[in-house]
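Chain order of the listed sequences is Z and F. First residue of the first sequence: 1, per the numbering used here; consecutive thereafter. First residue of the second sequence: 1001, per the numbering used here; consecutive thereafter. The structure appears right after this line, and notes come after that.
Protein chains: 2
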Amino acid sequence: MVASLAPAAADHAEAEAFRAGMLARGLLLPMGVPGLFGRGPVFEDVIERFNALVSEVSREDHAEWVHFPPLIGRHLLERVNYLDSFPHLCGSVHSFFGDTLQALALAERAKAGGNWGELLGPTDVVLTPAGCYPVYPWLAGTLPPQGRCVTLLSWVFRHEPSAEPTRLQSFRMREFVRAGRAEQVLEWRERWLQRALGLLGSLGLPAEASVASDPFFGRGGRLLASEQREQKLKFEILVPVISQREPTAVCSFNYHRDHFASIFGIRSTDGESASTSCMGFGMERIAMALFKTHGFEPAQWPPAVRERLWPSVPA
Amino acid sequence: MVASLAPAAADHAEAEAFRAGMLARGLLLPMGVPGLFGRGPVFEDVIERFNALVSEVSREDHAEWVHFPPLIGRHLLERVNYLDSFPHLCGSVHSFFGDTLQALALAERAKAGGNWGELLGPTDVVLTPAGCYPVYPWLAGTLPPQGRCVTLLSWVFRHEPSAEPTRLQSFRMREFVRAGRAEQVLEWRERWLQRALGLLGSLGLPAEASVASDPFFGRGGRLLASEQREQKLKFEILVPVISQREPTAVCSFNYHRDHFASIFGIRSTDGESASTSCMGFGMERIAMALFKTHGFEPAQWPPAVRERLWPSVPA
Chain Z
1 MVASLAPAAA DHAEAEAFRA GMLARGLLLP MGVPGLFGRG PVFEDVIERF
51 NALVSEVSRE DHAEWVHFPP LIGRHLLERV NYLDSFPHLC GSVHSFFGDT
101 LQALALAERA KAGGNWGELL GPTDVVLTPA GCYPVYPWLA GTLPPQGRCV
151 TLLSWVFRHE PSAEPTRLQS FRMREFVRAG RAEQVLEWRE RWLQRALGLL
201 GSLGLPAEAS VASDPFFGRG GRLLASEQRE QKLKFEILVP VISQREPTAV
251 CSFNYHRDHF ASIFGIRSTD GESASTSCMG FGMERIAMAL FKTHGFEPAQ
301 WPPAVRERLW PSVPA
Chain F
1001 MVASLAPAAA DHAEAEAFRA GMLARGLLLP MGVPGLFGRG PVFEDVIERF
1051 NALVSEVSRE DHAEWVHFPP LIGRHLLERV NYLDSFPHLC GSVHSFFGDT
1101 LQALALAERA KAGGNWGELL GPTDVVLTPA GCYPVYPWLA GTLPPQGRCV
1151 TLLSWVFRHE PSAEPTRLQS FRMREFVRAG RAEQVLEWRE RWLQRALGLL
1201 GSLGLPAEAS VASDPFFGRG GRLLASEQRE QKLKFEILVP VISQREPTAV
1251 CSFNYHRDHF ASIFGIRSTD GESASTSCMG FGMERIAMAL FKTHGFEPAQ
1301 WPPAVRERLW PSVPA
């Protein structure tokens, strides 16, 4: 589960200058809500090219592509017990189920600036809190001996409105999910950690790996987080974006043991629950790390970085 | 506003056979919720190629690309008075604002299969109901003499769960928004209508244009719909997908007069409110129309259609 990218306590002035610079150059477009931005074509091109590069360096994974909308079934959120750990981050989709008279009251309430949300009821869907969630039910059944590897690019939602530019409410993760025997999965995670460090290094990013934990909610959450750190279930790769002292997580690696496999019935050939792991790049944070490190003008980026992202067509 | 693609009353057996065929071949992936599917790589490739083709045939528009997340600010939905017309389709995002004790109650309620949604409160964001909405505030100001044209590919939400495979809750629209003087905008819409008919025809789709209306809510809505038809503010292009008798809207064209321009302050050089129009392709419906018309195996599609979507690289 890529349930979070670690918070980076920002150097406020540096963060604000970076945000203002991105907006002034049309890399980001304002949407009037903290943590919600449009993306201009230059910003988007960097994401597109980095995404292609990830596909290129991961060819030996022979990953199967899948594509999911930015929503999952409410039942899936319940099944993984998401609310036990991250109630504050969830995005539940509500709509209107009333008649004509109630619709008039709803529209009136909205025009008067009132809380019209409370006149709605929950639908069958919620915003995707982690790109990999819809993959697990789809993997249900017995795996082939070599296991499976799946990749996807997915919109993810986190309810954490913030003026801090790397902390978005809605962003994309390029993820890989590996299912198989524990040793296959752990070896894969270790290989990906090195591969990701190499990839980010080749783009001139001062990337460093670190043991990490998810932002579990409340007092009980602290215990879960320290257990997660102790068992090294989660790693992150960090790059300075809005603060040199507190670098930003741009990539995360999670080992779930048999947590998801046992819930969804993903089995090894021996009939036992398989193990799963996932890794993912926070695409907007990768782009921001590049703009922070090399400047706001991709045309001025170091030639080696440009050649890696936009390889010249051989003559 | 592409607020809806007209409902197509389905031939039930034909719709069900088509849905089952798409799922059996992994073109769509089940997600356990009506109107919510994953997309397999073959389905996605068709969308990607069609999207590239749209860019190619629209080059003379010199459209500016923008990219928005699947969410917009709640204030934007209020500002365009969405709830007056489509309360039943809205997707309001709610989250948890309580303390540790309330979080325990929330998790308990979810585990007991209860309505945990009512323990949440509305956030600052809602799901994007029409891809073009975030474009209008961004266009605020005085337009250049030739006006502006903007294009985007956006995830759109409609709360209309249905077993009918073309009626998705979450789907993508490739849209174009044109802002300028009324005659510029109307001429552009007419040109795009012919261009879209030509494009779909070149893909072997039996496409037909028709005057249309949005699915306004309630009794008052019928009046709005008939006024919209009378003034020919909305056109759709229809292709049979799940029913020959009731073809499916795959493309829609809307003329807004100065509705959005006056709300958001989009002005012509003379200082008057500009006019706006938008057009959009329902990408999943286009793909489904192709699979329905030419069969489930793109390798077996007519050579002319294949060459149009996957042009061979010149030797």
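Note that the Cβ used here is the ideal one computed from N, Cα and C, for glycine as well.
- Between the stretch 31–43 of chain Z and the stretch 162–179 of chain Z, the count of C-beta pairs closer than 8 Å reaches three or more; the two stretches touch.
- Unbroken beta strand (DSSP E) runs of no fewer than 3 residues, entirely contained in the stretch 1215–1268 of chain F, are found at 1234–1239, 1248–1255, following chain order.
- Distances from the alpha-carbon of Z:A52 to those of Z:M279, Z:A112, Z:L152, Z:P122 put Z:L152 closest.
- Sorting F:A1209, F:G1220, F:R1158, F:L1233 by C-alpha distance to the C-alpha of Z:D99 places F:G1220 at the top.
- The C-beta distance from Z:L71 to Z:V93 rounds to 7 Å, short enough to meet the 8 Å contact threshold.
- For F:E1044, the enclosing alpha helix (DSSP H) covers residues 1041–1057.
- Residues of the same chain with a CB within less than 8 Å of the CB of F:P1122, apart from the 5 flanking positions on each side, are R1074, S1092, V1093, H1094 in chain order.
- Contact annotation: Z:R79 and Z:I266 have beta-carbon atoms that are not nearer than 8 Å.
- C-alpha of F:M1173 to C-alpha of F:G1131: approximately 7 Å in a straight line.
- Contact between Z:E208 and Z:L238 holds, since their C-beta atoms are separated by about 5 Å, short of 8 Å.
- The C-beta of F:D1084 has 16 or more other C-beta atoms within 10 Å across all chains shown, which makes the residue buried.
- Scanning Z:H62, Z:R25, Z:H259 for the CA closest to the CA of Z:Q146 turns up Z:H62.
- Distance check between F:L1205 and each of F:A1289, F:Q1184, F:H1012 places F:A1289 closest, using alpha-carbon atoms only.
- Across the structure, Z:L200 and F:P1134 are spaced so that their CA atoms are roughly 33 Å apart.
- Look at Z:D61 here: in three-state DSSP terms it is helix.
- Z:T248 and Z:R285 have their alpha carbons spaced roughly 8 Å apart.
- For the pair Z:F217 and Z:H88, the CB atoms are nearer than the 8 Å cut-off.
- The residue among F:D1124, F:V1125, F:G1117, F:A1024 with its C-alpha nearest the C-alpha of Z:V125 is F:G1117.
- In summary, Z:V211 is exposed, with fewer than 16 beta-carbon neighbours lying within 10 Å of its beta-carbon over all protein chains present.
- Any Cβ of chain F closer than 8 Å to the Cβ of Z:W301 would place that residue at the interface, and such an atom is absent.
- Legend: CB atoms of the stretch 85–100 of chain Z lying less than 7 Å from CB atoms of chain F belong to residues P87, H88, C90, G91, S92, V93, H94, S95, F96, T100.
- The contact set of Z:H75 on chain F, defined by CB atoms closer than 9 Å, consists of G1032, V1033 in chain order.
- Interface annotation, Z:T142: not in contact with chain F, CB-CB separation never under 8 Å.
- Around the beta-carbon of Z:D214, 16 or more other beta-carbon atoms lie within 10 Å, marking it buried.
- Nearest CB-CB separation between Z:L106 and chain F: below the 8 Å threshold.
- Judged by beta-carbon spacing, F:A1015 lies within the 8 Å limit of F:I1242, meaning their Cβ atoms are closer than that value.
- Between Z:P302 and Z:H294, the CB-CB gap stays under 8 Å.
- Neighbours of Z:E78 in chain F, taken as residues at a C-beta separation under 7 Å, are given in chain order as A1110.
- Rounded to whole angstroms, the separation of the alpha carbons of F:G1114 and Z:C251 is 36 Å.
- Chain-ordered listing is empty here: chain F has no CB closer than 9 Å to the CB of Z:N51, the nearest sitting near 13 Å.
- The Cβ of Z:G117 sits closer than 8 Å to at least one Cβ of chain F.
- Looking at the backbone, the Cα of F:V1046 and that of F:H1012 are separated by about 26 Å.
- At least 8 Å separates the beta-carbon of Z:S273 from that of Z:A287.
- Separation of Z:E227 and Z:S275 (C-alpha to C-alpha, rounded to the nearest whole angstrom) is 19 Å.
- One thing to note: F:A1179 has its Cβ within 8 Å of the Cβ of F:R1148.
- In this chain, Z:E272 is not harboured by any beta strand (DSSP E), its DSSP state being neither H nor E.
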